[in-house]
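Trainee: Encoded as structure tokens, here's the structure I'll be asking about.
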Amino acid sequence: MANVIQDLANNSIAVDTTGQFIGYSESEETSETLSLKMYNFLLYPIRQSDSTMEGKYFVKRLFQGPQNVWQTIHDKIFSIKDLWSVTRCSDEALKYLKNIVGWTRELDYITDELDYDTLRRLIASSVPLWSKRGKEETIIDIISLMLNTRCVIWNWFDYRWIVDETEFAEQHAGYDSWIIDHGEEGLGEYSSNIRIVDDGTLNKDLVKNVLKLIRACGERIEISYINFLDRFLVDDDTSQWDNVEGTIMSVSDSIAELDVSGEYQLSVANVESAYEWSRYVAYFRIQGEGDTGFGAVFYYQDSDNYYGLELLISPYESYKLFKVVSGEYEAVKIGKLNYDLSENTWYGIRIHIDIDDNGLDIIKIYLDTELIVDSSDVSDSIALAGTLGNGYILRTNDYGLNWEVIANTDESRITCINSFNNGTALVGTYGDGKILRSINNGEAWIEMEDTTQTSINGIASFNNGIAIATSNNGKIFRSVDYGINWLEVEDTVESWMNCVATFSNGVAIVGSGSNGKIFRSTDYGENWSETEDTTEEEIRCIATFSNGVALAGTSSGGKIFRSTDYGENWSEVKDTTETMIAVLLTIDNGVALFGTSAHGKIFRTVDYGLNWSEVEDTVASIIRSMAHFGNGVIAAGGGSGKIFRSGDYGLTWVEIEDIDESQIYSMDNIKYSTLSDLNKGTIGVFANDGSTLKLSESELFQLPASTEILDVNS
Amino acid sequence: MAILSIYGLSETVATATGELVTLVKITSAEVISSNKLRVHFDRNMKNDDNLANRLFYTIIPITSGAVNCYVSEVKIPYVAYPEYVDLITSEMTDSASYTVYVDTDGPTDLENTPVDPDNNDQTFVAEGITPTIDKIIAVSENQVDVVFSENMKINSAIMNISKYSFDNGLSVLSVISAIGDTVSLATSEQTPGIIYTLTVNP
């Protein structure tokens, strides 16, 4: 056996063992292409001269220094790729490589003791640990089988993606990992987070032990115990949802869908004690189709009592925070984002309901991590005023103490301003008869309607989104969507229609500007009829109390007429002998005020308009506009661009502003409805008639969050 | 336990309390691979240090020319009371006979019964791995390195140029060196890009 080719175990190679190769050819090393000689960049005559006895290669030797520096840099750059190789990585760089396989700086006390070869072997042997470590799907399955509950895992890589540390600029597509406050800043980013539904019977020790078995040593896991989770992993499983009033929810391919055209669709979470949930954070990953709106509800008690956030595929509005209380719908805040929402795009809605140190409700709603609704922003300190002359819009943010011009409409006159109870403001203009709309406290205005009339003289609104506008030629216009779309609903054949006011029961009244007639509607402005002829020259202004009392002021005589039956019958209660009652303001404690022309006087009543007394002579030519901030603070605008202010329900007045305009012609404060009607209830999703909704994930946990840290050590 | 006396059959012994017990037998030696041998016992064994101690297992070649073999590790299956152990060994010579011995002072069964000195061995035929050519590298126009699949024995055969031949007119001029798994051959001038086939015979 000695004369055969064999291995160390005396096993011979087979007869006619063959192998192939390609004949040798010169190849240029890639590193050579970059290993340029700086010297060779010099012109040939210079190098030739340098090579003579006279030059003695002085220049070449001079270049040797920078050439060496360049070579070192070049070698370093090309060695970067070796950082990822456990065999080629330099000894000095091993301390970085070890982090990748879990030997992070917290464990330096172990790895610092090792020589480079041992550390290299440790890194190599740690790789299989990670490649064989339990996957998220496995853990979810195991927990589901052993504990009969639901869970979701956000791992280290999910967090990297959420905090935008990836390089691909992906859309977050509705995922919002920050639903749970991790307490210690940044903790969530560096651990994985397991959210597991605990109905009160969960064996938490078993959860922790299962995780310890499956996860790698040294790994930190944050366990959050939540109250509700549905990721729609099982087709047709809607067991956690109740469909309201004919709603059909379907589930397939991990997506739940509400889609039955022609009906309002609403599904709510039905798990145990859901209707008792109070302080919580709820998350929905949704998308929709159609322009009528879709979204999420919270504090749901029954189909007549709940709150919700509606998303809108609209160039005018992005969302509405609304409430349905005793069956009455009201948009509490309407907003527009910097971008238009799109159909069939995932969005994440996070609804955060808590209570502050003073016991007041805090409602914060986030869309894709952007805070869009904050109940603390709902303020009654803002008012808007419009001018005669340049069509400016002024704003105060401090109950009328300071005013500034915030918009120039390029119209000749802002004839009227009206605000819904959700921050949405409408103004009417003189000249082109336009209606403008703002949903950001008056900063930006969009023309919603050009009535082609000469002037829009009055606008009033109901809390359900219906608004009524009056114009010259006796026409009445109506909107049912918070002022976006308008239709002419009545032509009274009057030559001029002045003012309009509403009661909350659907009654609206308007006063004619061409004679003393009053028209009335009892169906939110849809149908109209003449209810009174005062025989005066003009009904200049009109206002209402919530108890059914209405007041109307006239020009050419300055008389006040009063009704106690929601505007059906009227009688004269005051004759001022002034030229005109230019503005009327009613406050719900029985106080009302009116301003006059041509002396700029202010009269006041404290008994719903029965008896009046003059309280101020502003010496302005006219008091044309007034607004009440809700706490007895009143602003009044008049001739020569003057603004006056009272802090005692109109008893005493102080001039606080004088701008360079001929008149402060119109004024109203920005109003918001309250959100104190409901304080507990379940969550759900809805799609309005004409829209569809898809939901891929929904979860909820009650505050304070129940979380604990698990360090896997053994 | 002390063996006091032997009654008839050698595998039966009496304990200090007079109880008769049957000694452990090695029932077979199963070749798993060129360096892995499975030794079967006739019963469940105590999973202790003795069972895992490689020094209690010896492999002796029987066939002439077979390479010596040593046990580097004893692998015990993941059960409470194993019936066999796997011996990790150095590579053995293909088709050669070997005998494996288990020391009678080594592994015991669950009752601390030792291995029967008359049944503590098994003979088996080994499987070796035939070395192959892993790759051939043309390192210059006049030299190729032949890399085998494992370290080779450096003897006169591997240094003999008659064992190597090329096609396409390329000839072997000399064997420059043989180190580890690599043999360097000096060749006549290679034509760049031409595929050559090297044939090696034992």
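Same order as they appear, the protein sequences are chains A and B. Counting the first sequence from 1 gives a position; the working numbering is that position plus 22. Counting the second sequence from 1 gives a position; the working numbering is that position plus 58. Backbone N, C-alpha and C define an ideal beta-carbon position, used for all residues, glycine too.
(1) I'd like to know if the region 218 to 232 of chain B and the region 125 to 134 of chain B are in contact, where contact means that at least 3 CB-CB pairs between them fall below 8 Å.
(2) Can you look up residue 121 of chain A in the DSSP assignment and give me helix, strand or coil?
(3) Enumerate in chain order the residues of its own chain whose CB-to-CB distance from residue 736 of chain A is below 6 Å, with the five nearest sequence positions on each side excluded.
(4) Answer with yes or no whether the minimum CB distance from residue 6 of chain A to chain B is below 8 Å.
(5) Whose Cβ in chain C lies nearer than 8 Å to the Cβ of residue 256 of chain B?
(6) So, using beta-carbon positions, are residue 485 of chain A and residue 356 of chain A closer together than 8 Å?
(7) Give a yes or no on whether the minimum CB-CB distance between residue 15 of chain A and chain B is below 8 Å.
(8) Report the three-state DSSP secondary structure of residue 375 of chain A (helix, strand or coil).
(9) Between residue 146 of chain B and the rest of its own chain, which residues show a CB-CB distance below 8 Å, the 5 nearest in sequence each way excluded?
(10) If you follow the beta strand (DSSP E) that residue 166 of chain A is part of, which residue opens it and which one closes it?
(11) What does residue 259 of chain B touch in chain A if you count any residue whose Cβ is under 7 Å from its own?
(12) List the residues that DSSP assigns as beta-bridge partners of residue 263 of chain A.
(13) If you drop the 5 nearest sequence neighbours on each side, which residues of the same chain put their C-beta closer than 6 Å to that of residue 323 of chain A?
(14) Hey, does residue 214 of chain B have any beta-carbon neighbour from chain A nearer than 8 Å?
(15) Cα-Cα, which of A/232, A/350, A/463 is closest to residue 427 of chain A?
(16) Can you pull out the residues from the region 85 to 114 of chain A whose beta carbon lies closer than 9 Å to at least one beta carbon of chain B?
(17) Determine whether the beta carbon atoms of residue 547 of chain A and residue 478 of chain A lie at a separation below 8 Å.
(18) Between residue 191 of chain A and residue 729 of chain A, what straight-line distance do the alpha-carbon atoms span, to the nearest angstrom?
(19) For residue 287 of chain A, is the classification buried or exposed, using 16 other Cβ atoms within 10 angstroms of its Cβ as the cut-off for buried?
(20) Are residue 264 of chain A and residue 289 of chain A close, meaning C-beta to C-beta below 8 Å?
(21) Measure the C-alpha to C-alpha separation of residue 311 of chain A and residue 331 of chain A and round it to an integer number of angstroms.
(22) Counting only beta-carbon separations shorter than 8 Å, does residue 244 of chain B have a partner in chain A?
(23) For residue 247 of chain A, decide whether its Cβ has a neighbour in chain B, counting only Cβ atoms nearer than 8 Å.
(24) Closest by CA to residue 717 of chain A, which one among A/273, A/577, A/646?
(25) Which residues share a DSSP beta bridge with residue 720 of chain A?
(26) What residue range is occupied by the uninterrupted alpha helix (DSSP H) comprising residue 184 of chain B?
(27) Report the three-state DSSP secondary structure of residue 96 of chain A (helix, strand or coil).
(28) Since residue 231 of chain A is in the alpha helix (DSSP H), which residue starts that stretch and which ends it?
(29) Where does residue 324 of chain A sit, in a helix, a strand or coil, going by DSSP?
(30) When the Cβ atoms of the region 214 to 232 of chain A are set against those of the region 157 to 165 of chain A, are three or more pairs found closer than 8 Å?
(31) Counting pairs of beta carbons, one from the region 392 to 400 of chain A and one from the region 643 to 655 of chain A, are three or more of them closer than 8 Å?
(32) Just the Cα atoms here: how many angstroms apart are residue 71 of chain A and residue 77 of chain A?
(33) Going along chain A in order, which residues have a C-beta closer than 9 Å to the C-beta of residue 250 of chain B?
(34) Let me check one thing: in DSSP terms, what residues is residue 584 of chain A bridge-paired to?
(35) Mind listing which residues of the region 696 to 709 of chain A have their C-beta closer than 8 Å to chain B's C-betas, in chain order?
(36) Taking only the alpha-carbon atoms, compute the straight-line gap between residue 137 of chain B and residue 86 of chain B and give it to the nearest angstrom.
Mentor: So, from the data block:
(1) no
(2) helix
(3) The predicted position of residue 736 of chain A is uncertain, since its pLDDT is 48 and thus under 50; a value taken from the coordinates is nonetheless stated next. Result list for residue 736 of chain A: empty, nothing under 6 Å.
(4) Residue 6 of chain A falls outside the range modelled here, since chain A spans only 23 to 736, and no answer is possible.
(5) Note that chain C does not occur in the displayed structure, where the protein chains are A and B.
(6) no
(7) The shown model of chain A, from 23 to 736, leaves out residue 15 of chain A, and the question about it has no answer.
(8) strand
(9) 93, 94, 129, 130, 131, 132, 133
(10) Unbroken run through residue 166 of chain A is the alpha helix (DSSP H), 158 to 169; no beta strand (DSSP E).
(11) 37, 38
(12) A/291
(13) 703
(14) yes
(15) A/463
(16) none
(17) no
(18) Note that residue 191 of chain A scores a pLDDT of 43, beneath 50, so its modelled location is shaky and nothing firm can be said.
(19) buried
(20) yes
(21) 16 Å
(22) no
(23) no
(24) A/273
(25) A/252, A/306
(26) Element bounds for residue 184 of chain B: n/a, residue is neither H nor E.
(27) helix
(28) 226 to 236
(29) strand
(30) yes
(31) no
(32) 6 Å
(33) 44, 45, 46, 47, 48
(34) A/573, A/593
(35) none
(36) 20 Å
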